[in-house]
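Here our numbering is used: the sequence shown runs in plain steps of one and ends on residue 307.
From the three backbone atoms N, C-alpha and C, an ideal C-beta is built for every residue, glycine too.
Because the structure is a prediction, the values reported are computed rather than measured.
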Amino acid sequence: MKLSRRELLTGLAAAGAAAAVPSPAEARDRKVAEAGSVGMLYDSTLCIGCRACVVKCKEANQLPQDRATLNGAPYDAPPDLNGTTKNVIKLAAAGGRSAFMKSQCMHCVDPACVSVCMIGALAKNASTGIVTYDKDGCVGCRYCQVACPFNVPKFNWDKAAPQIVKCELCRHRGEPKKPGVRQIADPACCEVCPRGAVVYGKRSDLLQEAQRRLKTQPDRYEAKVYGDQDAGGTQVLYLTAKGVPFRALGLPDVGDEAAPALSESISHGIYYGMVAPVALFGAALLTIRKNRKQADEEGA
8 MKLSRRELLT GLAAAGAAAA VPSPAEARDR KVAEAGSVGM LYDSTLCIGC
58 RACVVKCKEA NQLPQDRATL NGAPYDAPPD LNGTTKNVIK LAAAGGRSAF
108 MKSQCMHCVD PACVSVCMIG ALAKNASTGI VTYDKDGCVG CRYCQVACPF
158 NVPKFNWDKA APQIVKCELC RHRGEPKKPG VRQIADPACC EVCPRGAVVY
208 GKRSDLLQEA QRRLKTQPDR YEAKVYGDQD AGGTQVLYLT AKGVPFRALG
258 LPDVGDEAAP ALSESISHGI YYGMVAPVAL FGAALLTIRK NRKQADEEGA
C-alpha cells in the first residue's frame, strides 16, 4: 500500500494543526547561576599563547598528547578540541590585530547538552554549577555535540565504550582524600598560567572583577563580558582586546536566551496531553484505511 504525496501532506498538516492547539504549557523560567557557582575568567589581552594550560590539562586528566613535529622535535599541538583534548589555545586575528583564544566547555548556566542528554550522563552540579559527565551512563548518541552552541563536546573514537570528552573544571582534583575532608584545588590550566590570563573562582566574583577591568581600562577592552548573559549565561567568562570582536575569537553571537528555553517550551507544548502524537497516529491510520479500501476496490 502506497501513500500518495497529497495524503502524506494531509496527515502531517493534521498533526501540525494539533500541535498548534493552545495548551497550558508555558515558556520556562530563565535559569540563574546558583550562589556557589564556580567558573573561570579568561582575559585574552594577558594570554601569550604559551599553551602551558594545554599541557597541564592533559597531565591532570591523564590524556595522551597530540603529536606534531616542529623543527624536527615532537610537541603537543592540537589545533582544536578533540577526543583527547579538553582545553586548547587558538590564534585569532581581526583587522590586522591578533589575539589568543582559550577554548573549553563554557559550563552554561542552562546547558543545552544537559537538556538533550536522554540518560542523564551529562548533569549540572547543584552546588558548583559544573557541567559533569558520567561515562558509565553515556550511550554514545552524541546529541550533546549537536545541541551545544559552542561546539564543545567531542567523541573519543579510540575507546571501545562510548565516551564524550569535555572540560569538567578538574573537579576530580577536589574529590575527598579523607573521610569528610574536601580538598579544593584550582583547575590545572588556571594553576599553571604564568600571566594569570585565566583565573578560577566563584562566578559572581569573576564577573565583578571583569566589570572592574572594563571600567578602569575602557581603552584596553571591548565593552562587554562575554558569558554574562550570552546563551543564558555561562560560568566561563571572557574579555577581549579593543578592536578584536568576540566573534573573531570564535565565540558566536548566540543572543541572551539559553537554547533549552525555546526547545523545551516547544516540545512540552507539542507533547502536552499527547495531542500531537495522537493526531499524527490518527492521520496515518485514516490514510492507511483509505489506501486499503482503494486496493480492495481495485482488486474486486
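What residues match up with residue 99 in a beta bridge as DSSP calls it? Translated into positions along the sequence shown, residue 99 becomes position 92. Residue 99 is bridged to 106.
Looking only at DSSP bridge pairs, what is residue 150 linked to? Within the sequence shown, numbered from 1, the residue matching residue 150 stands at position 143. The partner list for residue 150 (beta bridge, DSSP) is empty, contrary to what the question assumes.
Three-state secondary structure assigned by DSSP to residue 208: Reading the sequence shown from its first residue, position 201 is the one you call residue 208. Three-state DSSP puts residue 208 in a strand.
Tell me, to the nearest whole angstrom, how far the beta carbon of residue 59 is from that of residue 205; I am working on the premise that it is less than 8 Å. For the purposes of this step, residue 59 is taken as the residue at position 52 of the sequence shown. For the purposes of this step, residue 205 is taken as the residue at position 198 of the sequence shown. So it is not a contact: roughly 11 Å between Cβ atoms.
C-beta contact flag for residue 156 and residue 266 at 7 Å: Your numbering for residue 156 matches position 149 in the sequence shown. Your numbering for residue 266 matches position 259 in the sequence shown. Residue 156 places its beta carbon less than 7 Å from that of residue 266.
In the DSSP output, what is residue 131 paired with across the bridge? The residue you call residue 131 lines up with position 124 of the sequence shown. Note: residue 131 sits in a beta bridge opposite 138.
Rounded to whole angstroms, what is the Cα-Cα separation between residue 147 and residue 127? As a position in the sequence shown, residue 147 is number 140, starting the count at 1. As a position in the sequence shown, residue 127 is number 120, starting the count at 1. So the alpha carbons of these two residues sit roughly 12 Å apart.
Does the count of Cβ pairs from the region 133-153 and the region 106-121 closer than 8 Å reach three? Taking 8 Å as the limit for Cβ pairs, the verdict is that the region 106-121 does touch the region 133-153.
Alpha carbon to alpha carbon, how far is residue 102 from residue 167? Along the sequence shown, read from residue 1 onward, the residue named residue 102 stands at position 95. Along the sequence shown, read from residue 1 onward, the residue named residue 167 stands at position 160. Rounded to the nearest angstrom, the two C-alpha atoms are 45 Å apart.
For residue 162, which three-state DSSP category applies? Taking the sequence shown and counting its residues from 1, one reaches residue 162 at position 155. Residue state, collapsed to three classes: strand.
Measuring from the CB of residue 112, is there a heavy atom of the ligand COA at a distance below 6 Å? This structure does not include the ligand COA; it has no bound ligands of any sort.
Specify the secondary structure class of residue 60 as computed by DSSP and reduced to three states. On the sequence shown, residue 60 is found 53 positions in, with the first residue counted as 1. Residue 60 falls in the helix class under three-state DSSP.
Using the beta-carbon count (16 or more within 10 Å), is residue 161 buried or exposed? The count along the sequence shown starts at 1 and reaches residue 161 at position 154. Buried, because 16 or more other Cβ atoms sit within 10 Å of the Cβ of residue 161.
Is the beta carbon of residue 48 sitting closer than 7 Å to the one on residue 217? As a working mapping, residue 48 is identified with position 41 in the sequence shown. As a working mapping, residue 217 is identified with position 210 in the sequence shown. It is a contact, given that the beta carbons lie within the stated cut-off.
Count Cβ pairs between the region 247-260 and the region 89-109 that sit closer than 8 Å; are there 3 or more? yes
Segments of 4+ residues assigned as alpha helix (DSSP H) that fall wholly inside the region 202-259: 210-223
Can you tell which of 220, 196, 211 has its C-alpha closest to the C-alpha of residue 235? In the sequence shown, counting from the first residue as 1, residue 235 sits at position 228. Looking at 220, 196, 211, the one whose alpha-carbon comes closest to that of residue 235 is 211.
Does the separation of the CB atoms of residue 194 and residue 176 fall below 7 Å? Locating residue 194 in the sequence shown gives position 187, where the first residue counts as 1. Locating residue 176 in the sequence shown gives position 169, where the first residue counts as 1. Yes, the pair counts as a contact, with Cβ atoms nearer than the cut-off.
Inter-residue Cα distance where the pair is residue 260 and residue 63: The residue given as residue 260 occupies position 253 in the sequence shown. The residue given as residue 63 occupies position 56 in the sequence shown. The alpha-carbon atoms of residue 260 and residue 63 are separated by roughly 30 Å.
For residue 223 and residue 171, I'd like the C-alpha separation in whole angstroms. Stepping through the sequence shown from its first residue, residue 223 is reached at position 216. Stepping through the sequence shown from its first residue, residue 171 is reached at position 164. In a straight line, the C-alpha of residue 223 is about 41 Å away from that of residue 171.
Spell out the partners DSSP gives residue 46 in its beta bridges. Position 39 of the sequence shown, counting from 1, holds the residue named residue 46. Partner residues in the beta bridge of residue 46, as assigned by DSSP, are 208.
Name the DSSP beta bridge partners of residue 171, please? Residue numbering aside, residue 171 sits at position 164 when the sequence shown is read from its first letter. DSSP, once it has assigned bridges, lists 162 as partnering residue 171.
Helix or strand or just coil, what does DSSP make of residue 194? To locate residue 194, count along the sequence shown from 1; it is residue 187. Looking at residue 194 - three-state DSSP - the assignment turns out to be coil, as it is neither helix nor strand.
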